[in-house]
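Engineer:
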Amino acid sequence: MYGDLQATTAPDGRTQARIGLETAALWDVTAGRPPKRLADLPASADTWPGIDLDASGMSRFDPTSRYLVAPAANVDRNGQVREYMQVWDIKDRTRPRRLGSPLPGRPAVSAMSADGNLFAIDMVDDELTDGATSVALYDFRSKVYPRRLARISSTGGSDFQSVAFAPSQPVLAVADGTDTRLYDVSDPARPVRLAKTLVGSGGLVTFSHDGTMLAAADLDGRLSVWDMADPLDPRQLGQFVAAFPSEQVSAIAFAPDDRTVWVGGSPTGADRVVKGWGLDRVRRMQVDAPAMACRDTDAGVEPEVWQRYGGGSAYPRVCP
């Protein structure tokens, strides 16, 4: 965050998009140099970049750092503000070039796959009468003409809170405010829902860089961490009490080494804050949970405690 701006840094580490209320710009943030404003993302006749930060989301760069997908908005014939994501070619960072038509949807609920070939965004489904939303999956190999492949509909008319692609597996996580559902997108035109639902983890979600963990900011203020080594059987590794309700969370991310997960937000009556939780013990739990329990308690964990926190595995009677 930069004051009232949201900032996203490209994979090249030297380009940053800063998005604010009705403003958007590219900056050079190369290490060892003072930050330098390179160019504004120009408005068109009917669409302007940058929207109300309460409804906006982070921009998305593709893996090559050449393409940027940034929030934008316009006003429809009924006077309603419509949100979009606009694709930009930023090969020449001083002259960003608009590509194709804007993608309709909520920028706050969007994600790009690690290879840059898929893009997901939450869109109001005008074909439904109850105002439900759906996550649209796009073939993003053509940045000029992204092609919609499939839709994933919300359940019970609830709004989606976030979406995230696993970096090393064809898995998409979709959080609907209550739970998180997982989808196999190896054939993105036909996403297949995986059996297990991450109950109670319906806020912002993100995967670790190696793809073996998923963190979710829960509605009641907890941060849940899940083992995603096998997406068919995710196991909850632990919960951290102390964050703040997910409606007050604006960002969640793993550190580059995946040893810490960070949550940022604006608790009621407070300034923006960032909190971090170390995951070394969680990592060790993935390797040998029974041995850790014996060492920490001298006698192992009682059955009722293991049933609650043991990730669904059988109660181990391994302590001497």
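Residues 1 to 320 in the UniProt record's numbering are what the sequence shown lists, from first letter to last.
All C-beta atoms in this analysis are idealised placements derived from N, C-alpha and C, irrespective of residue type, glycine included.
Nothing here was measured: the structure is a model prediction, and the numbers come from that model.
Give me the Cα-Cα distance between D92 and S65, rounded to the nearest whole angstrom.
Structural biologist: For D92 and S65, the distance between alpha carbons rounds to 11 angstroms.
Engineer: Would you say Q161 and L204 are within 8 angstroms of each other, going by their C-beta atoms?
Structural biologist: yes
Engineer: Does DSSP put V29 in a helix, in a strand, or in coil?
Structural biologist: Three-state result, V29: coil.
Engineer: Taking contact to mean at least 3 C-beta pairs separated by less than 8 angstroms, is the region 67–87 in contact with the region 27–35?
Structural biologist: no
Engineer: What residue range does the beta strand (DSSP E) around G100 cover?
Structural biologist: R97 to P104
Engineer: Taking the alpha carbon of Q86 as the point to measure from, which residue in D230, T94, A17 and Q80 has its own alpha carbon closest?
Structural biologist: A17
Engineer: Taking the alpha-carbon positions, what's the T180 to A136 distance?
Structural biologist: 16 angstroms
Engineer: My output table needs one value for residue 374: the three-state DSSP class, helix, strand or coil.
Structural biologist: A query on residue 374 cannot be resolved here, the shown segment of the chain reaching from 1 to 320 and no further.
Engineer: Check each candidate in K143, P102 and S168 and name the one with the smallest Cα separation from S113.
Structural biologist: S168
Engineer: DSSP state of V305, grouped into three classes?
Structural biologist: helix
Engineer: Applying the criterion that 16 or more other CB atoms from any shown protein chain within 10 Å of the CB defines a buried residue, is E304 buried or exposed?
Structural biologist: exposed
Engineer: In the DSSP output, which residue or residues are listed as bridge partners for N74?
Structural biologist: R82
Engineer: Three-state secondary structure (DSSP) at R281?
Structural biologist: It is helical.
Engineer: Please name the residue, chosen from L172, R151, S110 and P11, that lies closest to F61 on a Cα-to-Cα basis.
Structural biologist: P11
Engineer: Could you spell out the range, first to last residue, of the beta strand (DSSP E) harbouring K36?
Structural biologist: K36 to D40
Engineer: What are the partner residues of T8, as DSSP defines its beta bridges?
Structural biologist: A17
Engineer: What residue from V69, D258, Y183 and P146 has the CA that sits closest to M213's CA?
Structural biologist: D258
Engineer: Measuring straight from C-alpha to C-alpha, what distance separates D159 and V249?
Structural biologist: Each residue's Cα considered, the two are about 16 angstroms apart.
Engineer: Are D122 and R106 touching if we call contact CB-CB under 8 angstroms?
Structural biologist: yes
Engineer: Identify, in the order they occur along the chain, each residue of the same chain with its Cβ nearer than 8 angstroms to the Cβ of D280, setting aside the five sequence neighbours on each side.
Structural biologist: R259
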